[in-house]
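If you're matching them up, the sequences are chains A and B in order. The first sequence maps to residues 23 to 297 in the working numbering. The second sequence maps to residues 34 to 329 in the working numbering. Glycine included, every Cβ here is placed at the ideal spot set by N, Cα and C. Notes follow once the structure below has been shown.
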Amino acid sequence: MSFWQLLSTSFVQNAFWAVTVVALAGGAVGYFVVLRRQAFAAHAVGHIGFAGAAGAVLLGLSPIFGLLVFCLGAGLVIGAAGAELDDRDAVVGVTLTAALGLGVLFISLYRGYANATYSILFGQILGVSSSDLRLVALLSVLVGLAVSVVFRPLLFASVDAQSAAARGLSVRAMSLVFMSLLAVTTAVAVQVVGVLLVFSLLVAPAAAAEVLTSRPLDALIGSMGLALLSGWVGLFLAVGVGGPVSFWITALASLAYLLARLRAGALARRARQPA
Amino acid sequence: MKALEFDDVAVNLGGRTVWHGATFSIESGSIAAVLGSNGAGKSTLLKVVLGLIEPSHGSLRVLGEAPRRGNPRVGYMAQSRRADSLGSITARDYVGLGLDGPRLGWRRQADKSRVVAEALSLTGTTAYADQPLATLSGGQRQRVALAHATVFRPELLLLDEPLAGLDLAAQAEIVDLINLIRTSTGASVLVVAHDLNPLSPIVQGVLWIARRQVRCGTPDEVVNAEVLSDLYGHPIEIFTTAHGRRVIVGLEEELAHPHPHGHQHELDAPGEHHDDEPAHSHHLEEAYDEQTRSTT
Numbered sequence: 023m024s025f026w027q028l029l030s031t032s033f034v035q036n037a038f039w040a041v042t043v044v045a046l047a048g049g050a051v052g053y054f055v056v057l058r059r060q061a062f063a064a065h066a067v068g069h070i071g072f073a074g075a076a077g078a079v080l081l082g083l084s085p086i087f088g089l090l091v092f093c094l095g096a097g098l099v100i101g102a103a104g105a106e107l108d109d110r111d112a113v114v115g116v117t118l119t120a121a122l123g124l125g126v127l128f129i130s131l132y133r134g135y136a137n138a139t140y141s142i143l144f145g146q147i148l149g150v151s152s153s154d155l156r157l158v159a160l161l162s163v164l165v166g167l168a169v170s171v172v173f174r175p176l177l178f179a180s181v182d183a184q185s186a187a188a189r190g191l192s193v194r195a196m197s198l199v200f201m202s203l204l205a206v207t208t209a210v211a212v213q214v215v216g217v218l219l220v221f222s223l224l225v226a227p228a229a230a231a232e233v234l235t236s237r238p239l240d241a242l243i244g245s246m247g248l249a250l251l252s253g254w255v256g257l258f259l260a261v262g263v264g265g266p267v268s269f270w271i272t273a274l275a276s277l278a279y280l281l282a283r284l285r286a287g288a289l290a291r292r293a294r295q296p297a
Numbered sequence: 034m035k036a037l038e039f040d041d042v043a044v045n046l047g048g049r050t051v052w053h054g055a056t057f058s059i060e061s062g063s064i065a066a067v068l069g070s071n072g073a074g075k076s077t078l079l080k081v082v083l084g085l086i087e088p089s090h091g092s093l094r095v096l097g098e099a100p101r102r103g104n105p106r107v108g109y110m111a112q113s114r115r116a117d118s119l120g121s122i123t124a125r126d127y128v129g130l131g132l133d134g135p136r137l138g139w140r141r142q143a144d145k146s147r148v149v150a151e152a153l154s155l156t157g158t159t160a161y162a163d164q165p166l167a168t169l170s171g172g173q174r175q176r177v178a179l180a181h182a183t184v185f186r187p188e189l190l191l192l193d194e195p196l197a198g199l200d201l202a203a204q205a206e207i208v209d210l211i212n213l214i215r216t217s218t219g220a221s222v223l224v225v226a227h228d229l230n231p232l233s234p235i236v237q238g239v240l241w242i243a244r245r246q247v248r249c250g251t252p253d254e255v256v257n258a259e260v261l262s263d264l265y266g267h268p269i270e271i272f273t274t275a276h277g278r279r280v281i282v283g284l285e286e287e288l289a290h291p292h293p294h295g296h297q298h299e300l301d302a303p304g305e306h307h308d309d310e311p312a313h314s315h316h317l318e319e320a321y322d323e324q325t326r327s328t329t
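Written out as structure tokens, the structure is:
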């Protein structure tokens, strides 16, 4: 089969649409992950999702249901307990460890786990079924809508919690909203890039965009654009050149961040030099 | 109408009485300084006014109404923290959040650009409005924070240590700006500070919190030996310099805290008797120079 024939097959088509919606949702939520300095929470939610996915597989369900339940549960625990605490890291760490332990238990109980485990860890983008795709697309669109509605208050609570609270915003409610969005986004992103590489869509594009611009709306759109570009080009390269899709997406997103840092460094050096 | 009216208000936090019996009022359109040592409950007082902390006793009126969270007539500027995610957005966006940040939804206020530009212009921050806050100096950041706190035209402005961490020149600039905001918007202002000295040209009232009590009055009424000796329960002396500044002696224990910038050169004015004070005594004064500056 030629490269162009491969692109028109249903599994590549499904993968294309899955990458598109997941990259847009991941890029949008990722901006707030980076802005709120909550990369560790994002990391933890992904790994906690692993336990949920393993549990779902054990029960004979689609992994995404387990991912949703565990990611949302973890998100709400972290969001509620850590909203105003300075030891947020400890709350995240303990929740993460407890869930990973459960994941290990589920896997040991499940026979013939190797394939399922592998796809949860590293993504199974080329194996996304049409029904999975519909759910992934629906959830991603919902996340996108929610981000657009809460954009201003979430931004306010993220950059200046004290002032936001004084203006009547509930910082705790915003923290819960954010963690819920992060949880759903993680559950869908795991379909594409897997638990271990979920950062490639949630953190790297947003971190690159934050380096490139200080306008929040520009950074949000830039983050979504970079995630989309990494996702599309990554899928294209995986089909054309070979290799796992998640590897390509991760490599491209990391490259975008590296280039953004190099550009910012060059600009800073130029600014320091006398004209 | 009074900007603030406290009637026998007490506050408990975690089973501890922060202060009690607070009865005072602040005139509308005036500027009052809130003074007292660290942990006396100055920031707590602001949070009570904001409706973030419920008094355990007594009642208060804020601009004639009961305190409530998110009152759009009250503006608040928190103590600045340097290392935070605020640094990654521009001054203009931060001021914009002060205007419509609490609101959900897609719709943007129609005249937002103009109102934000006016706030930037009033605070003299237009020149660096499109830079990320992290690249600004401490004084520039405080100016932007004032624009953020006043962009929605509050009638009462609560400022938590706006002078902390600034050098004397930057302190004087912020003091002038606070006065400019008061005169141009008509807002009443409550300023938490560690030192009355830089604020004295613009304040009409002083709230002094110590030993769980709150004293209120004009600077003359509160910052005098009798009132402070009574408030602290031991003798306190106040020396007035040739320039009319006041140096308070006797608060060494209560006020023993690091001060960002001392006023040593001012204390070396004639008439000072602090040579036999401990080495850190320049941290301890609350000076006052109404005569010198109010005439200019």
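Using the rule of at least 16 other Cβ atoms within 10 Å of the residue's Cβ for burial, across every protein chain shown, is residue i buried or exposed?
i: M34 (chain B); result: exposed
i: G47 (chain B); result: exposed
i: L261 (chain B); result: buried
i: R285 (chain A); result: exposed
i: W26 (chain A); result: exposed
i: E232 (chain A); result: buried
i: G149 (chain A); result: exposed
i: L105 (chain B); result: Checking the displayed sequence, the identity of residue 105 (chain B) turns out to be Pro instead of Leu. The residue in question, P105 (chain B), is exposed, as its Cβ has fewer than 16 Cβ neighbours within 10 Å.
i: W52 (chain B); result: buried
i: T251 (chain B); result: exposed
i: E188 (chain B); result: buried
i: Q295 (chain A); result: exposed
i: W139 (chain B); result: exposed
i: D308 (chain B); result: Low per-residue confidence applies at D308 (chain B): pLDDT is 37, beneath 50, and the placement is therefore not dependable enough to give any value.
i: T31 (chain A); result: exposed
i: G166 (chain A); result: buried
i: V300 (chain A); result: Any question about residue 300 (chain A) goes unanswered here, given that chain A covers just 23 to 297.
i: S180 (chain A); result: buried
i: R292 (chain A); result: exposed
Start and end of the alpha helix (DSSP H) containing residue i?
i: L166 (chain B); result: Where L166 (chain B) is concerned, there is no enclosing alpha helix (DSSP H), given that its DSSP letter is neither H nor E.
i: T42 (chain A); result: 32 to 57
i: G253 (chain A); result: 238 to 262
i: R125 (chain B); result: 124 to 133
i: W270 (chain A); result: 267 to 294
i: W26 (chain A); result: 25 to 29
If residue i sits next to residue j, beta carbons under 8 Å apart, how far is it from one beta carbon to the other, in whole angstroms?
i: L166 (chain B); j: G120 (chain B); result: 5 Å
i: A249 (chain A); j: V67 (chain A); result: Wrong, their Cβ atoms sit about 17 Å apart, outside the cutoff.
i: S268 (chain A); j: L219 (chain A); result: 5 Å
i: T50 (chain B); j: R245 (chain B); result: 6 Å
i: L284 (chain B); j: Y265 (chain B); result: 7 Å
i: L124 (chain A); j: L80 (chain A); result: That pair is no contact at about 11 Å.
i: L155 (chain A); j: A50 (chain A); result: Actually they are not in contact, since the Cβ atoms of L155 (chain A) and A50 (chain A) sit about 19 Å apart, beyond 8 Å.
i: S61 (chain B); j: S217 (chain B); result: Going by Cβ atoms, the distance from S61 (chain B) to S217 (chain B) rounds to 16 Å, so no, they are not a contact pair.
i: P175 (chain A); j: L191 (chain A); result: 6 Å
i: S2 (chain A); j: A78 (chain A); result: Residue 2 (chain A) is absent from the model: chain A starts at 23 and stops at 297.
i: A209 (chain A); j: L89 (chain A); result: 4 Å
i: V107 (chain B); j: V81 (chain B); result: That pair is no contact at about 12 Å.
At what residues does the beta strand (DSSP E) containing residue i begin and finish?
i: N45 (chain B); result: 35 to 46
i: L223 (chain B); result: 221 to 225
i: H53 (chain B); result: 49 to 60
i: H90 (chain B); result: 90 to 95
i: G108 (chain B); result: 107 to 110
i: R279 (chain B); result: 279 to 282
i: L190 (chain B); result: 189 to 193
Which residues in the same chain as residue i place their Cβ atom closer than 7 Å to its Cβ, once the five residues preceding and following it in sequence are excluded?
i: I70 (chain A); result: F92, C93, A96, T117, L118, A121
i: T56 (chain B); result: F39, D40, D41
i: A205 (chain B); result: P231
Excluding five sequence neighbours on each side, which residues of the same chain lie with their C-beta closer than 8 Å to the C-beta of residue i?
i: A290 (chain A); result: none
i: L79 (chain B); result: V67, Y109, L191, D193, L223, V225
i: V261 (chain A); result: F25, L28, L29, V34
i: A278 (chain A); result: A226, P227, A230, L248, L251, S252
i: L210 (chain B); result: T156, G157, R176, L179
Beta-carbon within less than 6 Å of residue i's beta-carbon, same chain only, minus the 5 sequence neighbours each way: which residues are those?
i: A63 (chain A); result: I100, V114
i: A275 (chain A); result: S222, A226, P227, S252
i: F178 (chain A); result: A186
_Tell me which residues of the segment 166 to 183 of chain A have at least one Cβ-Cβ distance to chain B shorter than 7 Å, keeping chain order._
Listed in sequence order: S170, V171, V172, R174, P175, L177, F178, S180, V181, D182.
*Give the residues from the segment 34 to 67 of chain A that approach chain B closer than 9 Å (Cβ to any Cβ), ordered along the chain.*
V56, L57, R58, R59
*Residues of the segment 133 to 163 of chain B with a CB closer than 9 Å to any CB of chain A: list them in chain order, please.*
D133, G134, P135, R136, L137, G138, W139, R141, D163
_Residues of the segment 190 to 206 of chain A with Cβ closer than 8 Å to any Cβ of chain B, in chain order_ = So the close ones are G190, L191.
*asked:* Beta carbons nearer than 7 Å to chain B: which residues of the segment 225 to 255 of chain A have them?
replied: The segment 225 to 255 of chain A vs chain B, Cβ under 7 Å: E232, S236, R237, P238.
_Members of the segment 74 to 102 of chain B near chain A, C-beta cut-off 7 Å_ = L83, L85, R102
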